[in-house]
Amino acid sequence: MAYSELVKNFSRIRDYMREFYVYGFKSRNEFTKKSGRSYDDEKRRLESWLKDYMQFRQTAEGKNVFLSIDTRITKHNPLYKAWKTKSFTEGDITLHFILMDILNSADHPLSFNSIREQIDEYLLDFEEPRFFDESTVRKKLNEYIREGIVVGEMCSKKKVYHAADPAPLLDVDAVHFFSEVAPCGVMGSFLLDKLENHEDHLAFKHHYITDTMDSEILCDIFSAIHGKNEMMLKMMNRHKAQINENTVIPLKVMISVQNGRQYLMAYSFRFRRISAYRIDNIVAVQINEVSDRFDELRAKLEGMLPHIWGVSTQGGSNMRMEHVEFTIRYTEQEQHIPRRLEREKRCGTVEQLDSHSSRFSADVYDASELIPWIRTFLCRITEFSFSNKTLEKQFKEDLEEMYKLYGLEKEENHAFQ
Amino acid sequence: MLFNELYSAYYNTVAALLKQAMDHPLSDSELSEIIHQHAFEESELYIRPALKDQRWQLIQTEGTTCLKKIPSMPLTTLQKQWLKAIGMDVRMRLFTEDTFDFPDVEPLFIPDDILIFDQYSDGDDYQSETYINNFRILLQAIRTHTPLSIVQENKHGQKLTVLIQPDYLEYSQKDDKFRLIGAGSYLGNTINLAGIISCQPIKENPPTDLRKRNPLKLRSVIFELVDQRNALERVLMHFAHFKKRVQKIDVNHYEVTLFYDKEDETEIVIRILSFGPLLKVKAPVHFVNLIKQRLIDQRSCGI
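If you read the protein sequences in the order shown, they are chains A and B.
Residues in the first sequence are numbered consecutively from 1189, following the numbering used here.
Residues in the second sequence are numbered consecutively from 534, following the numbering used here.
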């Protein structure tokens, strides 16, 4: 099939965007899942959509292509462009603009026959006027009713059609803000596309955009949560390169603003417990019947949250709950450090021991989730203790390994120039 | 459905072309310009012939159109659902009193459906009337390029007045805070909104000697990554929002070059430390020394 800049199926491009944006070190030969031609086509598409962000590097293995985006500088998420590439037929686009013009120009609802007659009139001046049969026009009207841009209603036993209410005036800055920070923000980007040229007044720091590719899956998840429906998730196991199916009751979406990942907290029928599912690993979903257990399980999850540091509901030990505590020291001039404990902790308690030291302690399902945070206090940790002794040993060994990495295994005091 | 041609760049481009063609016959150069403005790098290769060959029967040979009204599209149900959802966010009032109450649709999500689990807890108070009022004054001044006089409190509790030419507002979702970025203040280019007591636009006799804003001071750090415990994915996801380069060294070693603003250096140091022995900073020397000093201090704690 001839190359086209547009695509029919988003899932094809989803994996390539992830590879080019998140990883960006693979050469053409390493994209083994798809054929060489498929790689060339997807690369060409991404170059066309995101030319300003595509970069290349020549290595021994070949040319590497990657997307390099500093989201503090780009005020609009460039990956949203991928969602604006849906292919369509020649008839689709012709019919769309004529149909909407007919409905927007009418001062009263129109019958189907009237719409069809007018379509033919619009096309008369073309050399070989296109013909839209009854079924095509009816399908398009029904599609637009489902999308919400056309209203179909009965009038004297006859169905008539009119355009839905015009879009209200929107605050551009508000739409811009939420297009970058709210779930499914691509909807905001679609709205901004319809507005006249405007200046940007907002920028974003610590801004993750990797979730962009998962927007449609997330929409379906929200729909299932809202309807209290069960869902079948098709999950990609990236380590085993296989797809598993899980039937779950979706309960809540947990979002990280420190790594950009999004998780679905859901009750798994197979494992009979509430677990976290990475949304970027979900390849497809199916919304099933309404569950009568939603309210009970949502309440159960809410009760668990004070003991979940990240998203994990089960630790490596056999204990239901794992205890963790550590003590830090600070000087008179470092009063921002105990404040850091307070503002950054997600659960647990902070106890000020004296004017120069504080202790953090928590009981959580999985203490391993705290390790990266605890390490951010390296240089001032005076004590630590984990009820999961395997984890405690690992923490100590990692620290020794870090000393070794920087040649500090024996020397106590280095002076750096 | 989210992936839908109704939202596509091609439909938006054709809408812009039709708008122009309703005003006057569309020239070839206008056609190119509009396509490049609204679509992608290669789009002209597809859109131009489709219109010229009358496969898309919307623009006649002489550049006119049979349409009667400037193309416009009502909001889709999904757009209404999303607007209704964001209308429930407390931050909406910073911008507008509108709550997007479309009675015919349910919100796409409600606040209870979502939890941002690692956001810092001392974020700005978006329900404070003073904060909302200040935010709106700042935003309006940015829109109209009007200098501002801002009264803020320093860390010693003293009131300070600064003059600033506001440029834009920067939001950090991790900190859940807004900062005003501008030029002219002798205290710097950045003002935390939470620290502003009051502000007002300077409409008459605006200051002419405001300092220029310092550009971001970009620095880089190079570290080696060993891909154990899924470190490759965790590290690259964690640092995804920076401009960066990744190079594979051997089967499980990678070299990452990360570009960051100088003012964020301490933050980068602790973020690298959070990965433990799976990352080793290679360069520059001063950054290696920052890591080493932290480890030496840690060792002095007896652990």
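Virtual Cβ for every residue (Gly too), placed ideally from N, Cα, C.
Note that the coordinates shown come from a computational prediction; the quantities given were computed from them, not determined experimentally.
Inset, instruction - Would you kindly report the start and end of the unbroken beta strand (DSSP E) that includes Phe1574/A? - result: 1569 to 1574 is the extent of the beta strand (DSSP E) around Phe1574/A.
Inset, instruction - For Pro1371/A, go through chain B and note every residue whose CB falls closer than 7 Å to its CB, in chain order. - result: Phe642, Ile647
Inset, instruction - Apply the 10 Å Cβ neighbour rule to Arg1426/A and answer buried if 16 or more other Cβ atoms are within range, or exposed otherwise. - result: exposed
Inset, instruction - Kindly indicate which three-state DSSP category Thr546/B falls into: helix, strand or coil? - result: Note: Thr546/B maps to helix in three-state DSSP.
Legend entry - Closer than 8 Å at the beta carbon, the chain B residues around Gly1498/A: Phe650, Asp651
Legend entry - Residue span of the alpha helix (DSSP H) that contains Gln826/B, given as start and end: 818 to 832 is the extent of the alpha helix (DSSP H) around Gln826/B.
Inset, instruction - Could you confirm whether any beta carbon from chain A is found closer than 8 Å to the beta carbon of Pro734/B? - result: Not closer than 8 Å to any Cβ of chain A, the Cβ of Pro734/B fails to qualify, so no.
Legend entry - For Asp1542/A, the residue or residues it bridges with in DSSP: Ser1545/A
Legend entry - Three-way DSSP call (helix, strand, coil) for Ala1472/A in this model: Strand.
Legend entry - Residues that Ile1337/A contacts on chain B, provided the C-beta gap is smaller than 7 Å: Met606, Pro607, Thr609
Inset, instruction - Taking Cys1407/A and Leu641/B to be in contact with their CB atoms under 8 Å, please state how far apart those CB atoms are, rounded to whole angstroms. - result: Rounded, the Cβ-Cβ distance is 7 Å, consistent with contact.
Inset, instruction - Taking only beta carbons into account, state which residues of the segment 1268 to 1293 of chain A come closer than 8 Å to chain B, listed in chain order. - result: Within the segment 1268 to 1293 of chain A, the qualifying residues are Lys1269, Trp1271, Lys1272, Thr1273, Lys1274, Ser1275, Phe1276, Glu1278, Asp1280, Ile1281, Thr1282, His1284, Phe1285, Ile1286, Met1288, Asp1289, Asn1292, Ser1293.
Inset, instruction - Output the boundary residues of the beta strand (DSSP E) element that contains Val1195/A. - result: Here Val1195/A belongs to no beta strand (DSSP E), and DSSP marks it neither H nor E.
Inset, instruction - Compare the beta carbon distance of His1394/A and Gln706/B with 8 Å and say whether it is the shorter of the two. - result: yes
Inset, instruction - Return the CA-CA distance between Arg827/B and Leu1566/A, expressed in angstroms with no decimal places. - result: 6 Å
Legend entry - Assigned exposure category for Val784/B - 16 Cβ within 10 Å defines buried: Exposed.
Legend entry - Partners in chain B for Leu1379/A, counting only beta-carbon separations shorter than 9 Å: Leu608, Gln612, Trp615, Leu616
Inset, instruction - Can you say whether Pro740/B is buried or exposed, counting buried as having 16 or more other CB atoms within 10 angstroms of its CB? - result: exposed
Inset, instruction - Spell out whether any CB of chain A is found under 8 Å from the CB atom of Asn667/B. - result: Closer than 8 Å: no.
Legend entry - Chain-ordered neighbours of Met770/B on chain C, where CB pairs are closer than 7 Å: Absence of chain C from the displayed structure is noted, the protein chains being A and B.
Inset, instruction - Would you decide whether Gln570/B is buried or exposed? Buried here means 16 or more other CB atoms lie within 10 Å of its CB. - result: exposed
Inset, instruction - Check whether the Cβ of Phe536/B lies closer than 8 Å to any Cβ atom in chain A. - result: Taking Cβ atoms only, chain A reaches closer than 8 Å to Phe536/B, which makes this a yes.
Legend entry - Backbone CA spacing between Met1375/A and Asn725/B [nearest angstrom]: 29 Å
Legend entry - Amino acids of chain B, ordered along the chain, whose beta-carbon sits closer than 7 Å to that of Ala1351/A: Pro607
Inset, instruction - Would you identify the three-state DSSP class for Cys732/B, choosing helix, strand or coil? - result: Note: Cys732/B maps to strand in three-state DSSP.
Legend entry - For Gln660/B, the nearest candidate out of Pro558/B, Ala554/B, Ala773/B, Arg624/B (CA to CA): The option with the nearest alpha carbon to Gln660/B is Arg624/B.
Inset, instruction - Could you pull out every residue in the same chain whose Cβ sits closer than 8 Å to the Cβ of Ala764/B, ignoring the five residues on either side in sequence? - result: In chain order, Leu758, Phe808, Leu811, Leu812 place their CB closer than 8 Å to the CB of Ala764/B, counting only its own chain and leaving out the 5 sequence neighbours on each side.
Inset, instruction - For Tyr1591/A, go through chain B and note every residue whose CB falls closer than 8 Å to its CB, in chain order. - result: Chain B residues near Tyr1591/A: Leu828, Arg832.
Legend entry - Test: Ser1479/A CB closer than 8 Å to a CB of chain B: no
Legend entry - Buried or exposed by the 16-neighbour rule on C-beta atoms within 10 Å, applied to Asn490/B: Coverage of chain B is limited to positions 534 through 836, which leaves residue 490/B absent and any answer about it impossible.
Legend entry - Neighbourhood of Tyr701/B by C-beta distance below 7 Å, restricted to the same chain and skipping five residues each side: Ile675, Ile714
Inset, instruction - Could you spell out where the beta strand (DSSP E) holding Glu686/B opens and where it closes? - result: 681 to 686
Legend entry - Amino acids of chain A, ordered along the chain, whose beta-carbon sits closer than 8 Å to that of Ile697/B: Here the premise fails: no neighbours, minimum Cβ distance about 15 Å.
Legend entry - Distance, Gln1306/A Cα to Pro1148/A Cα: The displayed coordinates of chain A run from 1189 to 1605. Any statement about residue 1148/A would go beyond what the structure contains.
Inset, instruction - Return the CA-CA distance between Asp760/B and Asp1388/A, expressed in angstroms with no decimal places. - result: One C-alpha to the other measures close to 40 Å.
Inset, instruction - For Ser541/B, decide whether its Cβ has a neighbour in chain A, counting only Cβ atoms nearer than 8 Å. - result: yes
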